[in-house]
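Novice: Line order of the protein sequences matches chains A and B.
1318 is the number of the first residue of the first sequence in the numbering used here; add one for each residue after it.
1318 is the number of the first residue of the second sequence in the numbering used here; add one for each residue after it.
Structure provided below as structure tokens; questions to follow.
Protein chains: 2
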Amino acid sequence: MASLLREIVIDCEDPERVGRFWASVLEWPLVESESGFYWLSSTGDYTAAPPLLVFVPVPESKAGKNRLHIDLNPSGCDQAEELERLLSLGARQVDVGQVDVAWVVLADPEGNEFCLLGRRVDA
Amino acid sequence: MASLLREIVIDCEDPERVGRFWASVLEWPLVESESGFYWLSSTGDYTAAPPLLVFVPVPESKAGKNRLHIDLNPSGCDQAEELERLLSLGARQVDVGQVDVAWVVLADPEGNEFCLLGRRVDA
Chain A
1318 MASLLREIVI DCEDPERVGR FWASVLEWPL VESESGFYWL SSTGDYTAAP PLLVFVPVPE
1378 SKAGKNRLHI DLNPSGCDQA EELERLLSLG ARQVDVGQVD VAWVVLADPE GNEFCLLGRR
1438 VDA
Chain B
1318 MASLLREIVI DCEDPERVGR FWASVLEWPL VESESGFYWL SSTGDYTAAP PLLVFVPVPE
1378 SKAGKNRLHI DLNPSGCDQA EELERLLSLG ARQVDVGQVD VAWVVLADPE GNEFCLLGRR
1438 VDA
């Protein structure tokens, strides 16, 4: 008896735009629900291994630095190569006060902060 | 060449307190790093299947509703039983404007919103 971490839900002004960005980042297929939201899993199937990413519409804009954020590993390439790819997808580098760190602080198209770690994963 | 979703990072005033709560929620072992933060994985091993949850200290308090939140499935019990357990661990029910929904909106000890879904998973 416990809880299973099932989904990470991201409030969006434009769920399709933010969903498309993260679909490209993770190379996961984007699925549009019948209820006006979008979601991703590694296979495009709802029963895929968690977590799913779910993009839901909200009326309000992002305000201030997010309290939760996602960290990514470069997969099959090094950090510099993946950084170049993320920037080409619409990410931008942001300053949240980091100084000399091994990761790169970025933001998605609606300003949600995330980090690209230095450690490469070949999976 | 892509990015792998590695970690969910949660800014905390008291990383140990918030980490202990989530360790109990997920029944994952809590690990204290040498650098003043705490983290969880399903096995307590850094190489466990992602995502890890990472609790980092920040000077500022939470302000406003989080833009990202976690959704949980009850595992091995129904929603009502798991809700009772979560409340006993220190979660509290919160009103973020939800009306008649199948999930329960809760907050962790520092007010981070999360949802307990209705769908039970026997895993």
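Where is the CB? At the ideal position from N, CA and C, for every residue including glycine.
For clarity, every value in this text was computed on a predicted model and none was experimentally measured.
What residues from the segment 1318–1352 of chain A come within 8 angstroms of chain B, judged by C-beta to C-beta, listed N to C?
Specialist: M1318, A1319, S1320, L1321, L1322, R1323, E1324, I1325, V1326, I1327, D1328, V1342, L1343, E1344
Novice: Under three-state DSSP, which class holds S1392 of chain A?
Specialist: strand
Novice: Around the C-beta of L1347 of chain A, are 16 or more other C-beta atoms found within 10 angstroms, so that it is buried, or is it exposed?
Specialist: buried
Novice: Do you know how far the Cα of S1320 of chain A is from the Cα of A1424 of chain A?
Specialist: Just so you know, the alpha carbons of A1424 of chain A and S1320 of chain A end up roughly 30 angstroms apart.
Novice: E1399 of chain A CB to nearest chain B CB: under 8 angstroms?
Specialist: yes
Novice: Buried or exposed, going by whether 16 or more other CB atoms sit within 10 Å of the CB of V1418 of chain A?
Specialist: exposed
Novice: Once you ignore the five residues that flank G1336 of chain B on each side, which residues in its own chain have a CB closer than 6 angstroms to its CB?
Specialist: So the qualifying residues of the chain are L1347, Y1355, F1372.
Novice: Nearest to V1375 of chain A by alpha carbon, out of A:M1318, A:D1439, A:P1332, A:F1431?
Specialist: A:P1332
Novice: I'd like to know whether the C-beta atoms of N1383 of chain B and L1434 of chain B end up nearer to each other than 8 angstroms.
Specialist: no
Novice: Nearest by alpha-carbon distance to L1404 of chain A: which of A:I1325, A:F1338, A:C1329, A:E1324 is it?
Specialist: For L1404 of chain A, the nearest C-alpha among the options comes from A:F1338.
Novice: What residues from chain B crowd round L1385 of chain A, counting only those whose CB sits closer than 9 angstroms?
Specialist: I1325, V1326, I1327, D1328, N1383, R1384, L1385, H1386, I1387, N1429
Novice: I need the boundaries of the alpha helix (DSSP H) containing P1332 of chain B, first residue and last residue.
Specialist: 1332–1343
Novice: Counting contacts by CB-CB distance shorter than 8 angstroms, is R1402 of chain B in contact with chain A?
Specialist: yes
Novice: Please give the ranges of any alpha helix (DSSP H) in the segment 1380–1439 of chain A, keeping only runs that are unbroken, at least 4 residues long and fully inside the region.
Specialist: Counting only runs that start and end inside the segment 1380–1439 of chain A, the alpha helix (DSSP H) elements of at least 4 residues fall at 1396–1406.
Novice: What does the alpha-carbon distance come out to for the pair L1369 of chain B and A1366 of chain A?
Specialist: 14 angstroms
Novice: Taking the alpha carbon of A1397 of chain A as the point to measure from, which residue in A:Q1410, A:A1340, A:E1344 has its own alpha carbon closest?
Specialist: A:Q1410
Novice: Closest Cβ-Cβ distance between P1391 of chain A and chain B: below 8 angstroms?
Specialist: Chain B, which has a Cβ nearer than 8 angstroms to the Cβ of P1391 of chain A, makes this yes.
Novice: When DSSP builds the beta bridges, which residues end up paired with D1328 of chain B?
Specialist: For D1328 of chain B, the pairing in a beta bridge is given by DSSP as B:V1373.
Novice: Mapping DSSP to helix, strand and coil, what is E1349 of chain B?
Specialist: strand
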